[in-house]
Every structure is written in C-alpha cells, then in structure tokens.
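Final position of the sequence shown in this note's numbering is 1545; the numbers increase by one with none missing. A virtual CB, placed ideally from N, CA and C, is assigned to each residue, including glycine.
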Amino acid sequence: MRRNEAAPASREPLLRPLSARSAVLSLLLGTHPPELPAKDIARLLDGFGVGGSTLRAALSRMVAAGDLRRTDAGYRLSDRLLERQRRQDESVRPRTRSWDGDWELVVVTATGRGPAERADLRTRLAELRLAELREGVWLRPANLERPLPTALDAVAERGTARPGRPAGELAARLWPLDTWAGTARTLLGHVGRDARPADRLTAFAAVVRHLLADPVLPPALLPADWPGEALRAAYAGYRREMAGEGGPRADGA
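Below is the structure:
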C-alpha cells in the first residue's frame, strides 16, 4: 500500500526566501480580483526588500513568461494562474460536507501514456486531494463539496466505495498525517514570533503552501489535536491584518 507524500511544494525548504517574482505572485494571488496598478504593487512591496528596478525587471519577465498579463489598469494574473488562485482559496477555506462513510474512487484505465502524461495525471489527482492506494487506484473520503472534473472520464473510471479496512487505519496509511501536523505546528510557531513584515510574508507564504497539502479529512479520521484549523485561523488573521494595513497577502508563491 502506498504512503502518499505531501504535495511537491511542501518538500521545498519550509521557509524559503521570496524572490521578487514570488513576492509579486503572493500579492496578486491574495487579491480579488487579481489585478493591481504597477504603482500599487511597488508601494505594497516597498517594505519587503523589492526595489524599483528589481520590481520592473521582474514584472517584465513575468509577462514574457506568461505569469501576468499587462492590462490598461496594470498587471493581472494570467488565466493559467487563476486556477492556482482557485486551488489556494479552497485550501484556505475548504468546502466540506458531513461524511457518511463513502469514499471517492478513481481508477486510471488509460494505457500507452508517456512518463510526462502519467506524472501530470498524478499531480492533478493529488491536487484533488485524492491519495494513491496502489498504482492507478486513487481514493479519499467523500466529504468535499466539489465534483471531480469530467475530464477524468477520458482516462479513468469514477465511483464510490466502502473499503473493508477501518477508515481511520486506511487514512493513516494513505497520508503522512503526523508529518503534516508536525510541520503545521512548526509553522504556527514561526508566525507567532516573526515580527518583520518580510519574515511574516515568507512565513505565511509557507503556510498557504502547506495548506495545499492538507488532505481535509473528516474530523473522525484525524489524529487528536489536528492543527489544520489553527493554521487556517492564523492565516485568516494575517489577511485581516494586511487588509487593514493595505499590505500584501501571502498566498504561497
């Protein structure tokens, strides 16, 4: 049986310094709608170690790379990154329903795919918070208020199941819950003591990346003292703090 690791982002250094590109993306990913004039971006990032010439160069490179679109009003996230913003919004405010014991089941049936296609599908399924039981068999408790994409029908069969193994035991085997919780507590420690704006932006960007890897399981399947809600509450407080100061929000860039 596979032990599913956290999403790729959580395997990066826990608190990695934010580049100018990451700082801009953190700002725009936390803005709704995700568009700001250049002067506002410069003003908001001025206290975060991003100088004017560095910012201008970063914005030009991001437009060329397809991260941003230049608009009459300023800069806006590209369509590609709007999907990332949606996923991050859901990680901070996951929509759940009461769990009746059913599990979502996805069985990959497509054959003849190359390594890149297989890796892309694995990433897509992990982003849906599914876990791999064995090669090509993915599942999770059916407690999320979100439909599985119909595009999966081209490569997989979808359904529901009630595994014979006790649900709590199965969840503990599928997800590294203790590891996720330990990292979450470490992050809560960082955000509780970091005072400089740049340090707080860095810490809360790591918080959002980590929330993307939260399996959002039913409470009955989680270890005691699960820190997921505490981490979300800390981030919600940071967003209120930044909204009050007119500052940037950290959104996992």
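Contact holds between the segment 1499-1513 and the segment 1521-1536, because three or more Cβ pairs, one in each stretch, are under 8 Å apart.
Taking a 10 Å sphere around the C-beta of P1511, we find fewer than 16 other C-beta atoms and assign the residue as exposed. Annotated three-state conformation of T1388 is strand, per DSSP. Secondary structure of V1342 (DSSP, three-state): coil. Beta-bridge pairing by DSSP links W1395 to P1433, A1453.
Restricting attention to P1458, A1423, A1516, G1474, the CA atom closest to the CA of P1507 is found in A1423. R1348 counts as exposed, since fewer than 16 other C-beta atoms from the protein chains shown sit within 10 angstroms of its C-beta. Exclusion of the five residues before and after R1387 leaves L1436, E1437, R1438 as the residues of its chain whose Cβ lies within less than 8 Å of its Cβ. Nearest to G1358 by alpha-carbon distance, out of L1373, D1517, E1449, is L1373.
Going by C-alpha positions, A1495 is about 41 Å away from G1456.
Per the C-alpha coordinates, the member of L1306, A1418, R1385, L1444 positioned closest to R1531 is R1385. Minimum Cα-Cα distance from A1418 among the listed residues S1383, R1405, G1406, D1392 corresponds to S1383. For V1400, the secondary structure class from DSSP, reduced to helix, strand or coil, is strand. Burial is judged here by how many other beta carbons sit within 10 angstroms of a residue's own beta carbon; R1308 has fewer than 16 and is exposed. Sequence-distant partners of P1515 (beyond 5 residues in either direction) whose C-beta falls short of 6 Å from its own C-beta, in its chain, are L1469.
For the pair of segments examined, the segment 1397-1406 was found not to touch the segment 1481-1494: the number of CB pairs separated by less than 8 Å stays below three. Scanning L1420, D1445, T1442, A1443 for the CA closest to the CA of P1433 turns up L1420. DSSP places A1408 inside the alpha helix (DSSP H), whose first and last residues are 1407-1419.
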